[in-house]
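Read left to right, the sequence shown gives residues 152 to 353 (this note's numbering). Structure first, commentary second.
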Amino acid sequence: MNDCWNGKLIGTFYDTHPHWVVDHGRYAVTLRCRGALPKAVQERLREIGATLRSIKPASEEAQAWHRRQFAVLENALDRADGFCPFTAPIAAHAMIQFLKTYADEGLSFDHWVIMPNHLHLITLPFTCSRIDAFRSAWRRFKSLSARAMNQAIRREGPFWQSSQYDRWIRNPVEFERWQNYLARNPVKAGLCKKSKDYPYLK
152 MNDCWNGKLI GTFYDTHPHW VVDHGRYAVT LRCRGALPKA VQERLREIGA TLRSIKPASE
212 EAQAWHRRQF AVLENALDRA DGFCPFTAPI AAHAMIQFLK TYADEGLSFD HWVIMPNHLH
272 LITLPFTCSR IDAFRSAWRR FKSLSARAMN QAIRREGPFW QSSQYDRWIR NPVEFERWQN
332 YLARNPVKAG LCKKSKDYPY LK
């Protein structure tokens with residue numbers, strides 16, 4: 152596991168924000184359900200993403216804008232507006248089973264928290280030598296998980312928002328920080344009083 156902190160940067164690509172692709176890196180990822188964000192919030196995220204395109208990715212200024220972007224995203228998601236399938240225990244338990252067994256195109260997970268309208272995930276070290284392979288792995292995960300969740304709750308139609316927030320975890324300190332963040336998330340959102348009481352956290 153130690154060598155995952157020494158991954159090679161393959162490159163970056165952009166949608167609503169820059170995505171760093173690192174061979175054998177760990178990632179903290181937020182996936183949100185389709186329709187979970189109001190249009191005004193989506194527009195604000197696009198504006199921040201446009202700013203990030205014009206800034207050197209590794210700069211302190213970029214880091215500040217990333218934090219701002221994540222804060223906008225999280226504050227909106229914690230209000231649990233829009234499509235919130237994981238308020239239904241059958242959907243949350245189906246997602247847990249899916250995450251426990253998922254291992255496809257090098258992508259798998261060892262930590263997660265399932266919120267009403269989004270997921271926070273931490274990947275295991277993800278071997279990826281091309282940007283296209285990174286994007287393909289996430290498209291496949293979202294497609295297969297969407298199908299499984301729709302079957303679990305007997306619905307049809309898009310399940311996930313097309314883009315996701317992903318953050319390369321650079322070292323053990325950041326890894327611990329993300330683990331703590333996942334644990335605090337349901338408490339901060341008012342879903343439980345203590346992290347240990349939340350059933351959809353690993």
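The beta carbon of each residue, even a glycine, is placed where N, CA and C say it ideally should be. These figures come from a predicted structure and were not determined experimentally.
Measure how close the beta-carbons of residue i and residue j come, nearest whole angstrom, since I'm counting them as under 8 angstroms.
{"i": "Q214", "j": "L196", "result": "Not confirmed; about 17 angstroms, so no contact."}
{"i": "D283", "j": "I273", "result": "Not confirmed; about 23 angstroms, so no contact."}
{"i": "W329", "j": "A222", "result": "Between A222 and W329 the Cβ distance is about 15 angstroms, and since that is not below 8 angstroms, they are no contact."}
{"i": "T163", "j": "G200", "result": "Actually they are not in contact, since the Cβ atoms of T163 and G200 sit about 13 angstroms apart, beyond 8 angstroms."}
{"i": "K353", "j": "W263", "result": "5 angstroms"}
{"i": "I206", "j": "E212", "result": "5 angstroms"}
When DSSP builds the beta bridges, which residues end up paired with residue i?
{"i": "I265", "result": "L270"}
{"i": "F277", "result": "G176"}
{"i": "P169", "result": "Y165"}
{"i": "T181", "result": "H271, Y316"}
{"i": "D255", "result": "L258"}
{"i": "K159", "result": "D174"}
{"i": "W311", "result": "C184"}
{"i": "L352", "result": "V264"}
Taking a contact to mean a Cβ-Cβ separation below 8 angstroms, would you say residue i touches residue j in this structure?
{"i": "M300", "j": "P236", "result": "yes"}
{"i": "A243", "j": "I304", "result": "no"}
{"i": "W289", "j": "Q315", "result": "yes"}
{"i": "F285", "j": "V172", "result": "yes"}
{"i": "K159", "j": "D174", "result": "yes"}
{"i": "Y165", "j": "R218", "result": "no"}
Considering only the alpha carbon of each residue, which of the options lies closest to residue i?
{"i": "H170", "options": "A340, S294, W319", "result": "W319"}
{"i": "A297", "options": "C279, P323, N268, G341", "result": "N268"}
{"i": "I265", "options": "S280, I206, R306, Q248", "result": "Q248"}
{"i": "E194", "options": "A242, R335, L224", "result": "L224"}
{"i": "F234", "options": "E211, L250, L275, A187", "result": "A187"}
{"i": "G308", "options": "I199, D317, K293, Y316", "result": "K293"}
{"i": "R281", "options": "A191, G176, V192", "result": "G176"}
{"i": "E256", "options": "L250, S287, G158, W329", "result": "S287"}
{"i": "W156", "options": "I199, F277, G200", "result": "F277"}
{"i": "I161", "options": "A334, L250, C279, V338", "result": "C279"}
{"i": "A245", "options": "L295, E211, R291, W216", "result": "L295"}
{"i": "Y351", "options": "Y332, R306, L270", "result": "L270"}
{"i": "A254", "options": "F310, R306, R291", "result": "R291"}
{"i": "V192", "options": "N226, K251, L342, R335", "result": "N226"}
Review point. Between the stretch 170 to 185 and the stretch 339 to 353, do three or more beta carbon pairs fall short of 8 angstroms?
Key: Fewer than three pairs of CB atoms, one per stretch, sit closer than 8 angstroms, so the stretch 170 to 185 makes no contact with the stretch 339 to 353.
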